[in-house]
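**Student:** Below is the structure I would like to discuss, written out as structure tokens.
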Amino acid sequence: MLGYGGGPSSIPLVHTEVVKKYKWMTDEEFSDVLALGNSLPGPIITKMGGYIGYRVGGVIGLLNAVLATVLPTVFIMIGLIGTLSRFQDSPVIKGMTQAVAPVVGVMLFSLAYSFAKKAKFDLGWTVTLTLSIFSLIFYQFMNIHPGFIIGVLLLYGLLGGKVKVFTEKEKE
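Structural data, given as structure tokens:
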């Protein structure tokens, strides 16, 4: 309910609840679920919620998590669509949207930073920064679909355990 801006902006909230508060997963497991969820089609938060629900409560947990993720949004959207269409040009509504955007940005940056720290620990700074920069270039400037980028990086991770590349850990 508090994930303003769509599924990706809810990820830091889910991370806080699942990893820090309830300790249902580790940071690494959460990162894996996030990567897998991003590589599959459909809304990320529903896929993650379904997996986390299944892990915690089996099939009943999965159904509960998916319904808890989808139904509130459906009901809220039904209620807000008519109201929003009447007030879409209101300076107050535009101001509210603009005021929330920086907070969402900070939350996403914070989550990205925690993932980078974890990746740095496993891969070393050289590989982490190289993969991050290339991912940014491919996504932002070359308009490569994020699912493809994630798929390539998953393949790299799969092969990375067998094929040693230029990691800082090798130098130690």
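Numbering (the numbering used here), first residue to last: -9 to 162. Just so it is clear, CB atoms sit at the ideal spot from N, CA and C, and this is done for glycine as well.
#1: Does the structure place the segment 13 to 22 close enough to the segment 102 to 115 that three or more beta carbon pairs sit under 8 angstroms?
#2: Thinking C-beta only, is Met97 closer than 7 angstroms to Pro2?
#3: Rounded to whole angstroms, how far is the Cβ of Ile140 from the Cβ of Ser29, which I believe are closer than 8 angstroms?
#4: Compare the Cα-Cα distances from Gly147 to each of Phe128, Ile134, Thr118 and report the closest residue.
#5: Ignore the nearest five residues each way along the sequence and tell me which others in Trp14's own chain have a CB closer than 6 angstroms to its CB.
#6: Going by DSSP in three states, Asp79 sits in which element: helix, strand or coil?
#7: In the DSSP assignment, find the alpha helix (DSSP H) that holds Glu19 and state where it starts and stops.
#8: Does the Cβ-Cβ distance between Gly39 and Thr59 come in under 7 angstroms?
#9: From Ala55 to Gly27, what distance separates their C-alpha atoms?
#10: Judging by CA-CA distance, which residue of Ala102, Lys108, Ala91 is the nearest neighbour of Leu126?
#11: Rounded to a whole number of angstroms, what is the C-alpha to C-alpha distance between Lys37 and Ile66?
#12: Helix or strand or just coil, what does DSSP make of Pro33?
#13: What would DSSP say about His135, mapped onto helix, strand or coil?
#14: From Thr87 to Ser80, what does the alpha carbon distance come to, in whole angstroms?
#15: Using the Cα positions of His5 and Gly95, report the straight-line distance between them to the nearest angstrom.
**Tutor:** According to the data block:
#1: Because the criterion of three Cβ pairs below 8 angstroms is met, the segment 102 to 115 and the segment 13 to 22 touch.
#2: Position 12 of the sequence shown, counted from the start, is the residue given in the question as residue 2. Position 107 of the sequence shown, counted from the start, is the residue given in the question as residue 97. Inclusion of Pro2 and Met97 in the CB contact set at 7 angstroms is warranted, their separation being smaller than that value.
#3: Numbered from its first residue, the sequence shown carries residue 140 at position 150. Numbered from its first residue, the sequence shown carries residue 29 at position 39. Contact flag correct, Cβ pair sits at about 4 angstroms.
#4: Mapped onto the sequence shown, residue 147 falls at position 157. Closest by alpha carbon: Thr118.
#5: Sequence index remark: in the sequence shown, residue 14 carries index 24 (1-based). Sequence-distant Cβ neighbours of Trp14 in its own chain, meaning closer than 6 angstroms and more than five residues away, are Val8, Val46.
#6: If you number the sequence shown from 1, residue 79 lands on position 89. Three-state result, Asp79: coil.
#7: What you label residue 19 is simply residue 29 of the sequence shown in a count that begins at 1. First-last of the alpha helix (DSSP H) with Glu19: 17 to 29.
#8: As a working mapping, residue 39 is identified with position 49 in the sequence shown. As a working mapping, residue 59 is identified with position 69 in the sequence shown. Remark: C-beta atoms of Gly39 and Thr59 approach each other more closely than 7 angstroms.
#9: Here the question's residue 55 lines up with position 65 in the sequence shown. Here the question's residue 27 lines up with position 37 in the sequence shown. Approximately 15 angstroms, taken between the alpha carbons.
#10: Along the sequence shown, one-based indexing puts residue 126 at 136. Closest option to Leu126, Cα to Cα, is Ala102.
#11: Counted from its first residue, the sequence shown places residue 37 at position 47. Counted from its first residue, the sequence shown places residue 66 at position 76. Going from the Cα of Lys37 to the Cα of Ile66 covers about 20 angstroms.
#12: Walking along the sequence shown from the start, residue 33 turns up at place 43. Looking at Pro33 - three-state DSSP - the assignment turns out to be coil, as it is neither helix nor strand.
#13: As a working note, residue 135 is residue 145 in the sequence shown. Here DSSP, grouped into helix, strand and coil, assigns His135 to coil.
#14: Position 97 of the sequence shown, counted from the first residue, corresponds to residue 87. Position 90 of the sequence shown, counted from the first residue, corresponds to residue 80. Rounded to whole angstroms, Thr87 to Ser80 spans 11 angstroms at the Cα level.
#15: The sequence position of residue 5 within the sequence shown is 15, counting from 1. The sequence position of residue 95 within the sequence shown is 105, counting from 1. Linking His5 to Gly95 through their CA atoms gives a straight-line distance of about 15 angstroms.
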